[in-house]
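**Q** Got a structure for you, written out below as structure tokens; questions coming shortly.
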Amino acid sequence: MTIEPRLLDWMLDSDPALRWRVERDLVGAPAAVWRTTRARVNTEGFGARLLALQDADGQWAGGAYFPGDFDFNGPEAAADAGQPYTATTWALFDLRELGVDAAMLAGTAELLAANSRWEYEDLPYWNGEVDCCINAFTLANGAWLGVNVSDNAQWFVDHRQPDGGWNCEWVEGSTRSSYHSTLNSLKGLLYYEMTIGGTEELRAARHGGEEYLLQRGLLHRLSTGLQVALWATRFAYPFRWFYSVLSAADYFRAAALHDGSAPDPRLAEAMDLIRAARRPDGTWLQERRHPGRVWFEVDVPAGEASKWLTFYGSRVLEWWDDATGS
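Numbering (my numbering), first residue to last: 417 to 742.
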């Protein structure tokens with residue numbers, strides 16, 4: 417896929433957190449160029465703003481996954497209210513995704529070990545809890561900050577569903593995997609493997625989870641062949657914990673590059689859907705905003721052309737087309 421210079425210029429005219437990715441993955445700039453831009457994330461823009469919001473005890477918003485002032489029986493806990501994205505786990509997730517240098521958080525891992533407990537049963541922060549998605553975020557965040565989270569990695573081996581993936585509802589008795597939980601688990605495992613290294617057992621678990629999604633073409637129910645739900649083809653950034661074929665395809669790009677493997681042909685339908693969502697001007701629309709409290713917005717409102725989604729859509733299609741000769 418050819419990306420027009422005007423689109424590259426449009427994406428480059430952005431916060432350093434996006435610009436460095438565009439330089440590295442779409443422009444093909446020398447490492448010295450994009451690394452210089454990435455270093456700016458530590459001191460300006462979204463990264464610097466979020467770093468400045470850290471509490472003295474190492475947390476953000478006074479809580480592990482939820483803000484300290486979150487009312488679990490109040491309006492913010494209603495089914496249609498989304499969830500807040502301001503507490504510690506989401507702040508670390510966002511800082512890592514933005515490209516902040518882990519050295520900027522020196523001492524944070526130790527502060528969290530001393531001061532942060534999960535809202536679920538008051539468990540120690542770096543031990544994780546029972547939710548697959550939360551544990552996946554903790555696995556990646558811990559690996560990023562240099563915490564020994566090998567037990568967290570093993571947790572995913574021990575808690576796979578019989579069909580190959582994961583489900584955050586396992587603790588309620590579910591024995592079937594979830595698209596959302598499986599993708600988030602895969603992302604955590606891949607980041608851990610890329611950062612720390614993995615074992616054959618961990619890689620087998622990751623590849624088994626990938627197979628769960630690939631058997632379904634990233635989109636369908638295995639039982640009926642019907643689309644799993646509307647959310648699968650609805651694109652929004654930040655991705656948060658929500659599944660979409662774009663977020664999943666971007667994961668499979670990263671996994672294939674890490675493994676040194678060719679794209680799986682079962683990705684073809686998802687790639688066609690991503691391509692079909694591209695507008696005539698080469699951009700992708702922000703289709704919604706996931707509801708919930710945030711520190712600040714990093715992308716455009718629903719209905720506008722999104723630089724972030726255009727980056728991810730362009731990157732994954734360029735990889736697919738180059739690898740398959742499309």
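Built from N, CA and C at the ideal position, the CB exists for glycine as well.
If you follow the alpha helix (DSSP H) that F658 is in, where does it begin and where does it stop?
**A** Position 242 of the sequence shown, counting from 1, holds the residue named residue 658. Looking at the DSSP string, F658 is not in any alpha helix (DSSP H), and its letter there is neither H nor E.
**Q** Using only CA atoms, which one of W586, G479, E626 and V516 lies nearest to A464?
**A** By 1-based counting over the sequence shown, the position of residue 464 is 48. Per the Cα distances, V516.
**Q** Rounded to the nearest angstrom, how far is the Cβ of W657 from that of N600, given a contact under 8 Å?
**A** Counting from one through the sequence shown, the residue named residue 657 turns up at place 241. Counting from one through the sequence shown, the residue named residue 600 turns up at place 184. Going by Cβ atoms, the distance from W657 to N600 rounds to 6 Å, so yes, they are a contact pair.
**Q** I want to know whether the segment 567-586 touches the segment 523-536 - three or more CB-CB distances under 8 Å.
**A** At 8 Å Cβ cutoff, the stretches do not touch.
**Q** Within 10 angstroms of its Cβ, does T453 collect 16 or more other Cβ (buried), or is it exposed?
**A** Start at 1 with the first residue of the sequence shown, and residue 453 comes out as number 37. Classification for T453: buried.
**Q** Looking at T726: is its Cβ nearer than 8 Å to the Cβ of L424?
**A** Indexing the sequence shown from 1 puts residue 726 at position 310. Indexing the sequence shown from 1 puts residue 424 at position 8. In this structure, L424 does not lie closer than 8 Å to T726 by Cβ.
**Q** Please name the residue or residues paired with P540 in a DSSP beta bridge.
**A** Mapped onto the sequence shown, residue 540 falls at position 124. Paired residue(s): R533.
**Q** Check the DSSP bridge columns for S722 and list the partner residues they point to.
**A** Within the sequence shown, residue 722 is the residue found at index 306, counting from 1. In the DSSP output, where bridge partners are listed per residue, S722 has W700.
**Q** Buried or exposed: which applies to G558, given that a residue is buried once 16 or more other Cβ atoms fall within 10 Å of its Cβ?
**A** Along the sequence shown, one-based indexing puts residue 558 at 142. Answer is buried; the Cβ neighbour count reaches 16.
**Q** Could you tell me the boundaries of the alpha helix (DSSP H) in which H623 lies?
**A** Position 207 of the sequence shown, counting from 1, holds the residue named residue 623. That run of the alpha helix (DSSP H) goes E616 to Q631.
**Q** Check this for me: beta carbons of G614 and E420, under 8 Å apart or not?
**A** Walking along the sequence shown from the start, residue 614 turns up at place 198. Walking along the sequence shown from the start, residue 420 turns up at place 4. No, the pair does not count as a contact, with Cβ atoms beyond the cut-off.
**Q** Can you give me the Cβ contacts of W534 inside the same chain, cut-off strictly under 7 Å, excluding the 5 residues immediately before and after it?
**A** Reading the sequence shown from its first residue, position 118 is the one you call residue 534. Only A480, Y481, Y541 and E545 meet the Cβ criterion.
**Q** Look up W476 in the DSSP assignment and give the residues it is bridged to.
**A** Indexing the sequence shown from 1 puts residue 476 at position 60. Note: W476 sits in a beta bridge opposite G479.
**Q** What's the call for N489, buried or exposed, on a 16-neighbour Cβ count within 10 Å?
**A** Your numbering for residue 489 matches position 73 in the sequence shown. Looking at its Cβ environment, which holds fewer than 16 other Cβ atoms inside 10 Å, N489 is exposed.
**Q** Would you mind reading off the limits of the alpha helix (DSSP H) that contains D574?
**A** Numbered from its first residue, the sequence shown carries residue 574 at position 158. Run containing D574: S566 to D574, per the alpha helix (DSSP H) assignment.
**Q** Among the residues of its own chain, which have a CB less than 6 Å from the CB of G708, if the five just before and after it don't count?
**A** Here residue 708 refers to the residue found at position 292 of the sequence shown. Hits under 6 Å: G498, Q499, P500 and Y501.
**Q** Just tell me which of L428, A433 and M417 has its CA closest to the CA of P654.
**A** Walking along the sequence shown from the start, residue 654 turns up at place 238. Comparing Cα-Cα distances from P654 to each of L428, A433 and M417, the minimum goes to A433.
**Q** Mind reading off the beta-carbon distance from C584 to S593? Whole number of angstroms is fine, and I expect it under 8 Å.
**A** Taking the sequence shown and counting its residues from 1, the one referred to as residue 584 is at position 168. Taking the sequence shown and counting its residues from 1, the one referred to as residue 593 is at position 177. At roughly 10 Å, the Cβ-Cβ gap does not stay under 8 Å, so C584 and S593 are not in contact.
**Q** Quick one: is P578 buried, meaning 16 or more other Cβ sit within 10 Å of its Cβ, or exposed?
**A** As a position in the sequence shown, residue 578 is number 162, starting the count at 1. The residue in question, P578, is exposed, as its Cβ has fewer than 16 Cβ neighbours within 10 Å.
**Q** Could you check the C-alpha separation between N551 and A665 for me, to the nearest Å?
**A** Along the sequence shown, one-based indexing puts residue 551 at 135. Along the sequence shown, one-based indexing puts residue 665 at 249. Distance between the alpha carbons of N551 and A665 is about 22 Å.
**Q** Quick check on the burial criterion: 16 or more other C-beta atoms within 10 angstroms. Buried or exposed for D547?
**A** Here residue 547 corresponds to residue number 131 of the sequence shown, with the count starting at 1. Looking at its Cβ environment, which holds 16 or more other Cβ atoms inside 10 Å, D547 is buried.
**Q** Helix, strand or coil, according to DSSP, for H636 in the structure here?
**A** Counting from one through the sequence shown, the residue named residue 636 turns up at place 220. Looking at H636 - three-state DSSP - the assignment turns out to be strand.
**Q** Per DSSP, Q643 forms a beta bridge with which residues?
**A** Position 227 of the sequence shown, counted from the start, is the residue given in the question as residue 643. In the DSSP output, where bridge partners are listed per residue, Q643 has H636.
**Q** Helix, strand or coil for G613 per DSSP?
**A** What you label residue 613 is simply residue 197 of the sequence shown in a count that begins at 1. It is coil, neither helix nor strand.
**Q** Which of helix, strand or coil does DSSP assign to L469?
**A** As a working mapping, residue 469 is identified with position 53 in the sequence shown. Reduced to three states, the DSSP call for L469 is coil.
**Q** Determine the burial state of V587: buried for a count of at least 16 other Cβ atoms within 10 Å of its Cβ, exposed for fewer.
**A** Translated into positions along the sequence shown, residue 587 becomes position 171. The residue is exposed, with fewer than 16 neighbouring Cβ atoms inside 10 Å.
**Q** With DSSP run on the structure shown, which of helix, strand or coil describes V563?
**A** Looking up residue 563 in the sequence shown gives position 147. In the structure shown, V563 sits in coil (DSSP, three-state: anything other than H, G, I, E or B).
**Q** Quick one: Cα of L733 to Cα of F668, how far?
**A** Position 317 of the sequence shown, counted from the start, is the residue given in the question as residue 733. Position 252 of the sequence shown, counted from the start, is the residue given in the question as residue 668. Straight-line Cα distance between these residues: approximately 12 Å.
**Q** Would you identify the three-state DSSP class for A503, choosing helix, strand or coil?
**A** Translated into the one-based positions of the sequence shown, residue 503 becomes position 87. Three-state DSSP puts A503 in coil, outside helix and strand.
**Q** Rounded to the nearest angstrom, what separates G580 and L602 at their Cα positions?
**A** Within the sequence shown, numbered from 1, the residue matching residue 580 stands at position 164. Within the sequence shown, numbered from 1, the residue matching residue 602 stands at position 186. Spanning the two alpha carbons is a distance of roughly 11 Å.
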